[in-house]
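Here the protein sequences line up with chains A and B, keeping their order. Each residue of the first sequence is one higher than the last, beginning at 366 in this note's numbering. Each residue of the second sequence is one higher than the last, beginning at 3 in this note's numbering. Ideal Cβ placement from N, Cα and C applies to all residues, glycine included. The structure presented is a predicted model; accordingly, all values stated were derived computationally and were not measured. So the structure is just underneath, and the comments pick up after that.
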Amino acid sequence: MGNGFKKLMRTQLVIPLFSLFLIIVFNLIRDVGFFSISIVTNNQGNPVLSGNLISILNGASAVAIMSIGMTFITSSCKGQDISVAAVAAIAGSVFVSVLRSYEITVPVIIYAFLLSCLISVVFSMFNGILVAVFKIQPMIATLILFSAGRSIAYWINGGATPTVSSPLLSAIGGFIPGIPVPTPIIIMIIFLVLISLVLRFTTLGLYTQVVGINEGTAHLNGINPVWVKLLAFVISGVCVATAGCITVCRIGLINHETLLLDAEMDVILAVAIGGTALSGGKFNLYGSVIGAYIIQALTVTLFAMKVPSAAVKAYKAAVIIIIVIFSSPVVKEFVVNLYKKMFKSRVKTPVKAS
Amino acid sequence: MQNNIVLSMRNISKSFPGVRALQNVDFTLRKGEIHALMGENGAGKSTLIKVLTGVHPKDSGQIFLEINGGLKEVNVRSPHEAQNLGISTVYQEITLCPNLTVAENMFIGRGNYRTVNWRSMKKKAAEILEKLNIPARAAQQLGTCSIAVQQMVAIARAVDMDCKVLILDEPTSSLDEQEVEKLLSLMRELKSRGVGIIFITHFLDQMYGISDRVTVLRNGELAGEYEVKDLPRVQLISKMMGKDLEDVSSLKKKSLPDEKADSPPVYEAVGLSSTNCPNEFDFKISKGEVNGFTGLLGSGRSESVRAIFAADKITGGRIKINGKSVKIKKPKDAMMHGIGYLPEDRKKDGIVEDLSVRENIILALQVMKGFFRPLSRAEAESFADEYIKLLGIKTASMDTPIKSLSGGNQQKAILARWLLTNPQYLILDEPTRGIDVGTKVEIQKLILRLAGEGVSVTFISSEIEEMLRTCSRLVVMRDRRMVGELRDEEMTQGNIMHMIAGEAEKNG
């Protein structure tokens with residue numbers, strides 16, 4: 366049993382799952398009905414699911430999708446891309462400008478999405494080349510688009526904040542008639558399934574981690590580290606474009622100033638909470654996604670507690686500090702030792718409760 | 003009589019989960035003696051040192067230290083405390099700051115922090131350097147000194163902190179012969195000042211050259227304490243291994259296979275050069291041959307084999323595999339043509355430390371299979387299991403991170419990685435460095451067995467005897483050029499030395 370516990374402590378999923386569990390328990394104690402889901406009729410007359418749980422899952426989807434790409438970048442490049450939100454604004458602007466120049470039909474939406482993916486991948490590759498080929502520190506390399514990205518989006522939009530509206534778009538950002546689950550949740554699940562398949566049927570996971578842990582070894586075993594890093598940026602580019610487009614569909618307009626503002630920090634935080642070391646190496650994709658939900662759950666909880674929106678960030682920070690400290694190796698070791706003491710020497714006086 | 007004993011450890015025991023690392027070990031160090039601590043990897047040398055310096059708490063036993071003329075029992079709880087008691091350690095890897103000056107490195111982290119008198123610090127450092135005859139200036143940046151001098155500065159720092167016991171853990175493993183000589187003379191100097199030195203090394207020559215006494219450990223137990231002059235080498239090795247050396251001497255190498263006109267060499271390079279190995283060279287190896295590259299550190303032997311594997315950027319040359327012209331521009335090309343390469347620096351280029359033993363073993367095969375054809379978990383497990391058994395890799399499980407294995411077992415795992423790819427030509431650059439005698443012999447045997455099965459092997463080792471035992475042909479290198487080749491009977495220590503030194507001796 367001791368072994369099972371140790372194994373559990375070693376897996377990277379412990380902390381994110383435990384934090385999620387704590388937030389859920391906290392909410393249940395505070396308000397038993399917090400997670401109740403009800404069926405309501407939305408303004409288009411369709412029965413849809415509603416409740417805090419749904420809004421957590423729904424609200425986190427953009428950050429969760431971006432955290433998938435960020436996980437690959439973090440693992441292989443030993444650093445983070447801080448320009449994801451700005452690139453998402455560019456992708457969203459491209460999406461909107463295509464939609465506005467045609468009549469909105471399904472093929473046009475697909476075309477607009479693919480084009481925004483392409484643009485986003487190009488920008489992401491720009492970061493990737495700086496990082497992988499020129500070996501610039503990721504944070505410095507991506508600082509360029511972090512500051513310039515929203516200006517580029519401003520030019521694409523011609524300085525305005527154009528709106529788009531169509532039942533098709535609200536189906537993507539909200540609900541598809543007949544399906545009571547918000548579409549972003551479905552898209553998120555599709556993404557997760559896709560990426561799981563990629564990990565299952567390619568060696569992407571192994572290559573990424575080998576490059577992140579020891580580039581010298583990767584090179585001498587026939588892996589091209591540059592290629593692996595660029596691939597991470599390509600994946601991230603697609604994730605970022607998807608997140609941008611979902612957000613545009615949800616709010617029906619593109620505002621280059623505010624679209625997914627500060628989301629990059631949430632994304633990086635999601636990866637960190639998820640158990641992937643920000644210094645690269647072993648990664649945990651599902652942990653990152655759970656991390657995104659933890660952050661959103663926190664936000665929703667705080668709003669439900671009527672915390673003023675300006676104060677939410679401070680509360681969030683406080684909770685996150687606790688999570689991060691608990692996931693530090695120092696605390697982990699302490700817990701393992703404590704456990705050993707408690708179960709190996711039952712005869713001795715029990716450990717003092719602190 | 004406990005005259006001039008500075009340190010006495012009695013009945014020291016220490017276990018880690020699942021392992022008894024030390025069992026009732028005694029160790030005695032006298033004033034002004036150099037006391038070697040010998041044993042295979044995992045014999046308990048480092049654990050003993052770590053118990054002494056307070057890194058690990060001991061389970062039982064006593065440590066006595068000479069304090070003010072009498073032996074007193076001490077309880078060392080941290081390395082810092084050990085230092086205050088006068089026990090200093092210089093580790094294999096230098097733990098100083100290369101970007102600070104020599105003087106700063108000698109005094110950093112000592113005394114009170116409030117004020118630093120740079121001038122007096124520099125002066126004092128210069129005095130110590132001169133006293134110990136260390137060729138460095140106090141104001142020089144440490145990083146610009148050679149590794150040997152850096153090591154000496156580390157020792158000077160330790161010695162200046164009033165140490166009675168100086169522990170040198172493999173101080174010579176990254177030094178060349180001249181540097182080793184300098185370090186050894188520094189050790190003699192300290193000895194004459196009355197410092198008790200514990201010397202851990204894998205090099206028998208150095209151990210015999212300088213030590214007064216030796217304590218041998220085996221499997222966490224004391225195998226004995228001896229006066230060095232009373233212990234012949236063969237006996238020392240059999241004490242360390244716990245068996246007679248017949249195994250070692252029974253190694254039989256193949257003689258050079260007859261060169262047949264109809265079978266082209268497995269690998270042949272003409273005019274090969276790389277960014278790291280700018281001098282073009284020709285090289286070939288035939289099926290089932292074991293050849294070696296020898297030369298001093300920096301003579302270009304590693305750079306040459308790296309060029310063969312295309313580990314550095316290739317700048318020229320034509321390559322034939324089994325007589326057919328091929329292009330080898332990157333490591334993957336070499337791998338696809340059946341070449342395997344075990345790099346010199348296991349930590350930097352060999353292991354992927356956080357990944358499991360299983361993932362480390364299958365890595366090369368996986369890369370050769372390609373991005374879209376991952377090995378299934380079951381396949382990977384059966385491969386890993388097979389080779390863990392075949393090479394006797396000691397690991398808790400195949401899912402254990404490779405970094406928690408001992409050096410010898412890590413090396414075996416990397417060997418397994420290449421054996422799994424079923425190579426026709428295997429390059430092993432220093433596969434036996436820093437691992438215990440038992441594993442060294444196992445690796446040498448493995449090389450000969452592979453050769454018997456028709457695999458060509460290039461074997462590099464800084465221990466010439468090892469190469470003499472296994473190779474049938476030696477390429478000698480000096481100053482980044484191949485200066486000659488020795489075969490079968492020509493291969494003697496003397497001939498090799500002469501050739502490395504550059505003295506013509508054609509009558510070999």
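Item                                                                                                                                                                                                         : Value
Can you name the start and end residues of the beta strand (DSSP E) that Gly645 (chain A) belongs to?                                                                                                        : No beta strand (DSSP E) contains Gly645 (chain A), which DSSP labels as neither H nor E.
Chain B partners of Thr567 (chain A), CB-CB under 7 Å?                                                                                                                                                       : Phe373, Phe374 and Pro376
Among B:Phe29, B:Asn6 and B:Ser384, which has the Cα closest to the Cα of Glu223 (chain B)?                                                                                                                  : B:Phe29
Would the beta-carbon of Ser138 (chain B) fall within 8 Å of that of Val182 (chain B)?                                                                                                                       : Contrary to the premise, residue 138 (chain B) reads as Ala rather than Ser in this sequence. No, these two residues do not count as a Cβ contact at 8 Å.
By the three-class DSSP mapping on this structure, what secondary structure does Ser440 (chain A) have?                                                                                                      : helix
In terms of residue numbering, what span does the beta strand (DSSP E) encompassing Gln64 (chain B) cover?                                                                                                   : Ser62 to Ile69
What is the residue span of the alpha helix (DSSP H) that Lys391 (chain B) lies within?                                                                                                                      : Arg379 to Leu393
Return the chain-ordered list of same chain residues with a C-beta closer than 6 Å to the C-beta of Met11 (chain B), the five sequence neighbours on each side being excluded.                               : Phe29 and Ile65
Relative to the alpha-carbon of Arg79 (chain B), which residue among B:Glu68, B:Ala366 and B:His58 has its alpha-carbon at the smallest distance?                                                            : B:His58
Is the shortest distance between the beta-carbon of Pro59 (chain B) and the beta-carbons of chain A less than 8 Å?                                                                                           : no
Let's test the definition: count the other Cβ atoms within 10 Å of the Cβ of His82 (chain B) and tell me whether it reaches 16, buried, or not, exposed.                                                     : exposed
Please go through the same chain and pick out, in chain order, the residues whose beta-carbon is closer than 7 Å to the beta-carbon of Ile430 (chain A), but skip the five residues on each side of it.      : Met553, Phe556, Cys604, Thr607 and Ala608
Got a sec: does the ligand FAD put a non-hydrogen atom nearer than 7 Å to the Cβ of Tyr269 (chain B)?                                                                                                        : The ligand FAD is not part of the structure shown, which contains no ligands of any sort.
Please confirm whether Tyr228 (chain B) has its beta-carbon closer than 8 Å to some beta-carbon of chain A.                                                                                                  : no
Decide yes or no for the touch test of the segment 412–423 of chain A against the segment 530–547 of chain A: beta carbon pairs closer than 8 Å, at least 3 of them.                                         : yes
Strictly below 8 Å CB to CB, what residues from chain B border Thr641 (chain A)?                                                                                                                             : What Thr641 (chain A) touches in chain B: nothing, since even the nearest Cβ is about 12 Å away.
Give me whichever residues DSSP pairs with Gln143 (chain B) in a beta bridge.                                                                                                                                : B:Thr103
Using a Cβ cut-off of 8 Å (strictly closer), state whether His584 (chain A) contacts chain B.                                                                                                                : yes
Would you call the segment 479–491 of chain B and the segment 211–221 of chain B touching, i.e. three or more CB-CB distances under 8 Å?                                                                     : no
Closer than 8 Å, CB to CB, is Glu455 (chain B) near chain A or not?                                                                                                                                          : no
Could you tell me the alpha carbon to alpha carbon distance between Cys99 (chain B) and Val397 (chain A), rounded to whole angstroms?                                                                        : 58 Å
Taking C-beta pairs closer than 7 Å, name the residues in chain B that Ile588 (chain A) reaches, listed in chain order.                                                                                      : Val369
Please say whether Asn586 (chain A) and Leu517 (chain B) have beta carbons closer to each other than 8 Å?                                                                                                    : What the structure shows of chain B is the stretch from 3 to 510, and residue 517 (chain B) is not part of that stretch, so it cannot be assessed.
Report yes or no: is there a C-beta of chain B within less than 8 Å of the C-beta of Leu595 (chain A)?                                                                                                       : no
Can you confirm whether the segment 369–380 of chain B touches the segment 556–571 of chain A when touching is taken to mean that 3 or more C-beta pairs between the two stretches lie within less than 8 Å? : yes
Closer than 8 Å, CB to CB, is Lys241 (chain B) near chain A or not?                                                                                                                                          : no
For Lys52 (chain B), count neighbouring C-beta atoms within 10 Å of its own C-beta (all shown protein chains included) and say buried if the count is 16 or more, exposed if not.                            : buried
Quick one, are the C-beta atoms of Glu346 (chain B) and Ser304 (chain B) less than 8 Å apart?                                                                                                                : yes
Please identify the residue among B:Met499, B:Gly342, B:Thr402 and B:Arg489 whose C-alpha is closest to the C-alpha of Leu422 (chain B).                                                                     : B:Gly342
Can you tell me whether Ile502 (chain B) is helix, strand or coil according to DSSP?                                                                                                                         : helix
What whole-angstrom Cβ distance do Gly493 (chain A) and Thr612 (chain A) have, given they're in contact under 8 Å?                                                                                           : Gly493 (chain A) to Thr612 (chain A), Cβ: 23 Å. No contact.
State yes or no: is the C-beta of Ile462 (chain B) within less than 8 Å of the C-beta of Gly352 (chain B)?                                                                                                   : no
Could you say if the segment 454–470 of chain A and the segment 658–675 of chain A meet the contact criterion of at least three C-beta pairs nearer than 8 Å?                                                : no
Taking Cβ positions only, does Lys500 (chain A) come closer than 8 Å to chain B?                                                                                                                             : no
Kindly indicate which residue of A:Asn579, A:Leu479 and A:Val701 has the alpha-carbon position closest to the one of Ser644 (chain A).                                                                       : A:Asn579
Just the C-alpha distance for Phe499 (chain A) and Val230 (chain B), rounded to the nearest angstrom, thanks.                                                                                                : 56 Å
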